[in-house]
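One structure is given below, encoded as structure tokens.
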Amino acid sequence: MSQVNRLSQGGRIDRSRQLHFTFNGKPYVGYAGDTLASALLANGIDIVNRSFKYSRPRGIVAAGAEEPNAIVQLGSSEATQVPNVRATQQALYEGLTARSTNGWPNVQRDLMGMVGKLSGTFMPPGFYYKTFMAPASLWMTYEKYIRKSAGLGRSPTEPDPDSYDHINQHCDVLVIGAGPAGLAAAVTAARNGARVILCDEQEEMGGSLLDSRELIDDSPAVQWVDRVIDELAAMDNVTLLPRTTANGYHDHNFVTLHERCTEHLADSAPASGSRRQARSRMHRVRASQVVLATGAHERPLVYANNDVPGNLLAGAVSTYIRRYGVAPGQKLVLSATNDHAYRAALDWREAGREVVAIVDARANPQGDLVAKARTLGIPIITESAVIEAKGAERVSGARVAKIDATRFTVAGEVEELACDTIASSGGYSPVIHLSSHTGTRPTWRDDILGFVPGEVKGLTSVGGARGVYPLDDVIRDGIDGGRQATQAAGLDANAVTGLVPQVSAREDGAACALYQVPHLKPSMRAPKQFVDLQNDVTAAGIELATREGFESIEHVKRYTAMGFGTDQGKLGNINGMAIAARCLHRSIPEVGTTVFRPNYTPVTFGAIVGRHCRDLFDPERYTALHQWHVEQGAEFEDVGQWKRPWYFPRTVNGKKETLHEAVARECLAVRERVGILDASTLGKIDIQGADAREFLGRVYTNKWAKLAPGRVRYGLMCKDDGMLMDDGTTSCLGENHFLMTTTTGGAAGVMEWLELWHQTEWPELDVYFTSVTDHWATMTVTGPDARKLLAELTDIDLDKEQFKFMDWREGTVAGVPARVFRISFTGELAYEINVQANYAMHVWTALFKHGEKYDLTPYGTETMHVLRAEKGLIIVGQDTDGSVTPEDLGMQWAIGYDKPYSWIGKRALSRSDTRRTDRKQFVGLKPKDPKVVLEEGAQIVFDPNQSIPMSMVGHVTSSYYSPTLGHGFALAVVKGGHERMGETVYLPMVDGKVHEAEIVSPVFLDPKGERQNV
Amino acid sequence: MSDVKEFDTRPAGSPSAESPLAWSFHRRGTPPREAGAGVTLREKAFLGHMVLRGGAIVLDEAVREVLGITLPARPNTLALDDSGERSIQWLSPDEWLVIVPGGEEFALEGRLREVLGQAHYSIVNVSGGQTVLTLRGEKARETLMKSTPYDVHPQAFPVGKGVTTVFAKATVILRRPTEDTWELVLRRSFADYCYRWLLDAAAEYGVTVER
Amino acid sequence: MQRYSGFGLVKHALSHHENWQRQWRNPTPKKEYDVIIVGGGGHGLATAYYLAKEHGITNVAVIEKGWLGGGNTARNTTIVRSNYLWDEAAALYEHSMKLWEGLSQDLNYNVMFSQRGVLNLGHTLQDMRDIQRRVNANRLNGIDSQVLDAKGVQELVPIMDCSKGARYPVMGASWQPRAGVARHDAVAWGFARGADARGVDILQQTEVTGFKILDGRIVGVHTNRGDIGAKTVGCVAAGNSGVLAKMAGFNLPLESHPLQALVSEPLKPILDTVVMSNHVHGYISQSDKGDLVIGAGIDGYLGYGQRGSYSTVEHTLQAIVEMFPIFSRVRMNRQWGGIVDTCPDACPILSATPVKGLFFNCGWGTGGFKATPGSGHVFAASLAKGEMHPIAAPFSIDRFHTGALVDEHGAAGVAH
Amino acid sequence: MFHIYCPYCEEHREEEEFHPKGQAHIQRPADPEACSDEAWGDYLFFRDNPRGVHHELWVHAVGCRKFFNITRHTVSYEILETYKMGEAPTVTAKSVSEKDKQAGVQAATGGWQTVGARPESEALNDASNQGARV
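Just so you know, the protein sequences line up as chains S, U, B and R, in that order. Every position in the first sequence, counted from 1, becomes a number in my numbering once 209 is added. Every position in the second sequence, counted from 1, becomes a number in my numbering once 5 is added. Every position in the third sequence, counted from 1, becomes a number in my numbering once 2 is added. Every position in the fourth sequence, counted from 1, becomes a number in my numbering once 8 is added.
Put into structure tokens, the structure is as follows:
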């Protein structure tokens, strides 16, 4: 089929560049400059989709973002599928592949349409809520069928090959919309030196001027557009963003602009060599001032069968003719309430097609365009409207009658006019969506029959967006708005003179208010009069909702689903409100305002995600020894953002060790010889100041007054609710100098915690904190041979009397200055070697060179956990959960009850609940069956024979098999556990087994601490 | 502050050292040299980094005496010595970052402590914990715009400015010591992430890494 | 009350749907009620419904400053589950779950409660320990709950990336088959219709501007439509609870925060279960209309503006695309925000107050929708008897003084 | 997305650099041991949570790491001022409502549910508060 509706001349398309595309599998041809919608119309395609609920055939209605019907599936490969593309906003490109989203077996011959016709009457709004309830057991089956009919397009099932970009922008003035008002505002601001961003959602800038009949400075308006854009493009304080939709307007003038970088070229971003563009780019703009120049959307009239293909917006008809050289039919009837709509008839006539009649709801239309139509001899039928469209798959006629809009009745005979196209215009709604995003309510204005933006700090609305429509007023409004915004941004805006172009003023007559057109039958019985085409919401549906008591517009919308489509009710919401208002005998503003939410038009998840996906989803933090771990084949555990070696599986006889095997081997190596752990991820904070010691005493539960230089102490940190928050060792480096360590996950939080208390409560204390986590690499050498190994590499005196447990010393290790701490998280003799991280690899490899003869074994976090658990040492976050006090842990030895300052957490320990003796307390559990390793998280009961719900008294926090002890063991919290040593508890498991265990001390190995003290 | 334990963490001999980006270079190599690359990256490894905390007036005197640089007292500013090799950057009202050629830091700390005497201040060597990455090229600014919400327009970010800010999902110190150079001070453990981010973000402009 | 059924629908179709009755009246306020419920959201309407149905107290008004069901009931992600860690919370949410299971029939209003199951994913070893702890506790509390490994998760949700290559690979999940989603608006409407039919006055567009308190006892409320007397007043006003408490002269341990959610454009069915991940932080389900319904995180600042920060939405979608890379080309249609009143222990307040006869039901944070019937049921019992129902008793305000918190964000950490 | 003036950095920065830390001016009781359980619980958990003007503590976490205060309207989210630790706010609920009264605008204060509450309800509200104290 050739382009039957393509006019022989005109439009802004490039007829020298043919583009091939397919729709529903059939090949077609269009031109560069076409949208998919204009190309479909040019090719005479009437039915582009089937409706969601009733499966009615649907055609293209609009030419822009408000299009509800032409929602298509794009993409030539599985990975590049794009669901729910609005054909009116998709530029045509060579090879474009599109399909309708609904219709089975196809959109032309749709079987669901039969069902829709039959069952439509049984599916009023809310019908779901009134049925499918019996029998209850069948609901999931009913729902399966309901779900089958869900959705428009489909998600791709393969990952996206494209990438997406974010860019952060800052400007003095952001102008949204590059129509006459926006261009005027932008050029005014730019000439006055403001940093300006001008964006527009369309393929080219110019807005309404691209299909305007009007003259500016005595030449076609588009020439003025070109001049202004050329000027803006030459200024380095201006960023021009065509194909860029402002989709969200957030607090304090933060606006997201979605730039479609390559979507007009192909369904995947083209690449040149290794350089590949992003498919789209999100500009995250912080604007001092925003100018909203988004124009207005035309409202269709709501008449019977207004959804049959061939019913279009009047303005869309003009756009298709003047911009794309497409006349979507032969014989037009225009139903209008205003002068501006007459353009459609004039354009239609100039395209050489027949205008059957203009049906005007007004008694005496008078403006310049009306006069022009009269001059051309176009019949004008006044005080009338199209009350019903005829035709099934394409309009075949229009039923026209005199109407009484105030009484909502048909007032005269019905006449049927043969035609194939009905254009309608019920007036214009300013595009106020973005201002609504900020939470401000729009205001209804009776004079323009529309809502205008409410007041937003830093926002100026200009032109159609605030109901200013005549072109000369619009441009002047844009200039004023641009000047205002520039001044509000703190710049001088008086530099501009002589900008105002000459526009021949056009006289427009007053419009009249008409939303739903009365029909001979009441709404409930008339053929369907659609309000929201995408969601199949009808005037009758809205009337029913109000009858059932849904009186707020929010209720009506939710009950009928009006405005919940992908067009967010751009076409239908005001009409719907007007209908609800009529039914409730209220005014439109009394029924409610309409609230729009981001996005203005839908945006892909990918664009919002940007580069924060795949390898860059979240930082991976590495220690200085990471390369070594990788080369040794370590398995890693995620601890916060860190990658920590979990265990180091070896390959024995060609078989890789399991976790269990590797951990058993690593544990024994530490207990019997010597192992080494990369502990660099521990948080480390350097603390200096005369009051450092006092400060430590306030944030830790235990005492710090007497810790001497050269000594190390373990400390517990609570919140003021008495619950344990973090733990670690702190070393006294000098009288006024300490090095605090924190848990890996708690590092940042503790640092902020210290600053919080210092800055807000105790600024009088002389102390400074500096994070040194990344500066130091930490290697823990531990096991009976640790001293022997270290002695080979260090100049520090390791004599057990000279360098005791909980001492630290400085010296060199492998020639590198090091601080060595004799602290133990394994219960074995242990040295924590700290060196500047740049030299960590040197020291580590030197240790291994010397360690070979001791079978020095690297171990990971899992072995570390087993070894510490054998010693009953807690891990904050594993053995505690924010509801555990130091007393619950049995760590009274680490609580300075008599410290003079009431340290953080102390007071809370004496609350009635924290004083309870039956709190869950930290204990060891020894399974009765030595082969059993209890499940971590297993719940504990005293009485295994009770019925469900059982009374649970605690749970297992840590549990392992101990290769050293030769049996499983666990740490747990149990109600009153400290007083229940030796008692038996039960752990009923999911598989029905009930384990028995004895409550024991949490210290399973070397309770006197002799091994670490050698 | 006296009674503080100074410690020179730099070895006397010359054991091999690895910068925070060593693993990144090892794993990914560096992108092949490309004609007309829009962005050029270069690591300035193994410099001396120190965090100075204290009152501005106290520190200013000492810094001028020892380093010959006036302490930048205005927020978000950066001061360099004549050679451009030594710098002090405002980080907060009581915190400055000093970067000097590698090896100078310990002696500098000693001299500062001598001058500062009993005043309340702290000096902490963080040389192992961070590294400097420079960005140059026609598209350096645009690459930064993709990465940080901070305004890097020349009007908002003149030469001599330095800020701590968000970089992708990490924190960096971003500074502009000269007209055509941006410096990122990266934390060691985040360096690989930032480096990978930069390569990805600048890929469309072409990126060269100088070693 | 006009009874709803499939047969009725056919009958009404024959009369062009012109004979449907109002689902609730628009009454004029009486001078006095036995009980006034302040707040016409799901919880408030459920309270009124159960007061009338279970306790025969029908001289009840529900006072709503806007339109009924217009607060968080209209703005949530509709997830219903009961797999809470602590006994007290589990009892409350399981009580609710049991009511959900017969709710459509009880109300004669299809709330479309769809038990398609909820997965709570684990991405770290500690996540898995927490999941095991919660599932074990659930089982012993009689709540259906299972631990799945990564393979089991992949079988349930084939389109999710469960590979080791993910930044935080899926290690497993807890799985509650009886959990699911419901049609949120219908819940409010169903309770409203049921309560209205039993004589409850639902007063919309009526705003409480103060409380009438005499000798420490509640005697009524001031409203923009005049004073209304009451012997008992229950406040169920979610994000506005703090403001109401202040009118009555006391503070609550609450902060009202923005919580955002968003939906994609409608898609053909592709996701059958509800997937929640606390670690990468996003949760998602697909509605019967085909939208992907996605919950974002809570913003850290106070906010009554029903808006949150854009970065929160960015982070949420990053998580969703991390879990479901195939959704990269799916488009976000709409985002919105609710006001959630959060308690320090992520559990609600169901409590008497310093004012006799004045009760509060609030603090549901991000988890209120799933509790709607249960909350209404136990709160109605409490109002009827003048003392807290045993299931509600642990949630009194006192716990913030004694320290007996029910700390759900301790280990469960999945408070949505 | 807030644009926040950091009083220490002396410029506006993006919200992503900051973390909110709850209500400002919460003072830890000087002598915790002398506090009742109730007073301690109040200090730990009970907050003003106003619908209207709120003084709140923020930290410039990705920046100068200083804590400071913001006075912000919790409905409009407008930031009315920021000030350093130790300083007192110059804009308060009271000053805002007085200013708005002069301008004929109804302020949303902690005592009313919404903007637009009728003026006479102010008196009612006060009466009810007295009732509560009896």
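All C-beta atoms in this analysis are idealised placements derived from N, C-alpha and C, irrespective of residue type, glycine included.
Practice item. Just list the beta strand (DSSP E) runs in the stretch 271-328 of chain B, keeping only unbroken ones of 3 residues or longer that don't cross its boundaries, in chain order. Key: 276-279, 284-288 and 294-300
Check your understanding: How about Pro40 of chain R: is its C-beta nearer than 7 Å to some C-beta of chain S?
Key -> yes
Practice item. Since I believe Ser279 of chain B is in contact with Met334 of chain B (beta carbons under 8 Å), could you give me their beta-carbon distance rounded to a whole number of angstroms? Key: Incorrect: roughly 18 Å between the Cβ atoms, too far for contact.
Point to revise | Which listed residue (S:Ile1104, S:Cys792 and S:Ala1027) has its alpha carbon closest to that of Thr615 of chain S | key: S:Cys792
Exercise for review: Would you mind working out which of S:Arg267, S:Trp913 and S:Ser497 sits nearest Gln378 of chain S, comparing C-alpha positions?
Suggested key: S:Ser497
Review point. Can a CB atom of chain R be found closer than 7 Å to the CB of Ile406 of chain S?
Key: no
Review point. Do Ile896 of chain S and Val990 of chain S have their C-beta atoms within less than 7 Å of each other?
Key: no
Review point. Tell me, which residues are paired with Gln178 of chain B by DSSP?
Key: B:Val120
Practice item. Using a Cβ-Cβ cut-off of 7 Å, state whether Ser127 of chain U counts as contacting chain R. Key: no
Point to revise | Backbone CA spacing between Lys1058 of chain S and Leu834 of chain S [nearest angstrom] | key: 15 Å
**Study point:** Minimum C-alpha distance to Phe195 of chain U - residue among U:Thr136, U:Pro20, U:Leu204 and U:Glu143
**Key:** U:Thr136
Exercise for review: State yes or no: is the C-beta of Ala1023 of chain S within less than 7 Å of the C-beta of Ile1042 of chain S?
Suggested key: no
Check your understanding: When you check each C-beta in the stretch 162-185 of chain U against every C-beta of chain S, which residues fall closer than 8 Å?
Key -> Ala173, Lys174 and Ala175
Review point. So the alpha helix (DSSP H) Cys792 of chain S belongs to, where does it begin and stop?
Key: Asn782 to Leu793
Review point. In chain order, what residues of the stretch 84-103 of chain U put their CB closer than 7 Å to some CB of chain R?
Key: Leu96, Ser97 and Pro98
Exercise for review: Starting from Ile1208 of chain S, follow the beta strand (DSSP E) in both directions and report where the run begins and ends.
Suggested key: Val1203 to Val1209
Practice item. Could you pull out every residue in the same chain whose Cβ sits closer than 6 Å to the Cβ of Ile178 of chain U, ignoring the five residues on either side in sequence? Key: Thr169 and Val190
Review point. By Cβ distance below 7 Å, which residues in the same chain neighbour Met249 of chain B in space, the five residues on each side in sequence not counted?
Key: Gly212 and Phe213
Review point. Is any heavy atom of the ligand ADP found at a distance shorter than 6 Å from the C-beta of Arg484 of chain S?
Key: Because no ligand of any kind appears in the structure shown, any question about the ligand ADP cannot be addressed here.
Exercise for review: Could you name the residues of the same chain whose beta carbon sits closer than 8 Å to that of Ser165 of chain B, not counting the 5 residues immediately before and after it, in chain order?
Suggested key: Pro171
**Study point:** Cα-Cα separation, Arg996 of chain S to Ala206 of chain U
**Key:** 49 Å
**Study point:** One or two residues paired with Pro236 of chain S in a DSSP bridge
**Key:** S:Thr231
Review point. Are the C-beta atoms of Cys43 of chain R and some chain U residue less than 7 Å apart?
Key: no
Practice item. Note down, in chain order, each residue of its chain lying with its Cβ closer than 7 Å to the Cβ of Phe9 of chain B, except the 5 sequence neighbours on either side. Key: none
Review point. Between Phe111 of chain U and chain S, is there a C-beta pair that is closer than 7 Å?
Key: no
Review point. Between Thr969 of chain S and chain R, is there a C-beta pair that is closer than 7 Å?
Key: yes
**Study point:** Range of the contiguous alpha helix (DSSP H) that encloses Lys268 of chain U
**Key:** The structure shown does not extend to residue 268 of chain U, since chain U spans only 6 to 216, so no value can be given for it.
Check your understanding: Is Ala85 of chain R close to chain S, meaning its C-beta is less than 7 Å from at least one C-beta of that chain?
Key -> According to the sequence shown, residue 85 of chain R is Tyr rather than Ala. Yes, because at least one Cβ of chain S sits closer than 7 Å to the Cβ of Tyr85 of chain R.
Practice item. Give a yes or no on whether the minimum CB-CB distance between Gly108 of chain U and chain S is below 7 Å. Key: no
Practice item. Please check the pair Lys49 of chain U and Thr176 of chain U, which I expect to be a contact at CB under 8 Å, by giving their CB distance rounded to whole angstroms. Key: Actually they do not touch by this definition, with Cβ atoms about 19 Å apart.
Review point. Residue ranges of each beta strand (DSSP E) run of no fewer than 3 residues wholly in the stretch 647-732 of chain S, ordered along the chain?
Key: 652-654, 659-661 and 668-670
Review point. According to DSSP, which residues form a beta bridge with Asn1224 of chain S?
Key: Outside the displayed span of chain S (210 to 1223) sits residue 1224 of chain S, for which this structure offers no information.
Practice item. For Val1223 of chain S, count neighbouring C-beta atoms within 10 Å of its own C-beta (all shown protein chains included) and say buried if the count is 16 or more, exposed if not. Key: exposed
Practice item. Measure from the C-beta of Tyr337 of chain S to each C-beta in chain B and report whether the shortest distance is under 7 Å. Key: yes
Check your understanding: How many whole angstroms separate the CB atoms of Ile434 of chain S and Met414 of chain S, which I take to be in contact at a CB cut-off of 8 Å?
Key -> Position check: residue 434 of chain S holds Val in this sequence, whereas Ile was assumed. Contact flag correct, Cβ pair sits at about 7 Å.
**Study point:** Proximity of Asn783 of chain S and Arg508 of chain S at Cβ, strictly below 7 Å
**Key:** A small correction: the amino acid at residue 783 of chain S is Ile; Asn does not occupy that position in the sequence shown. Their beta carbons are under 7 Å apart, which means Ile783 of chain S touches Arg508 of chain S by this criterion.
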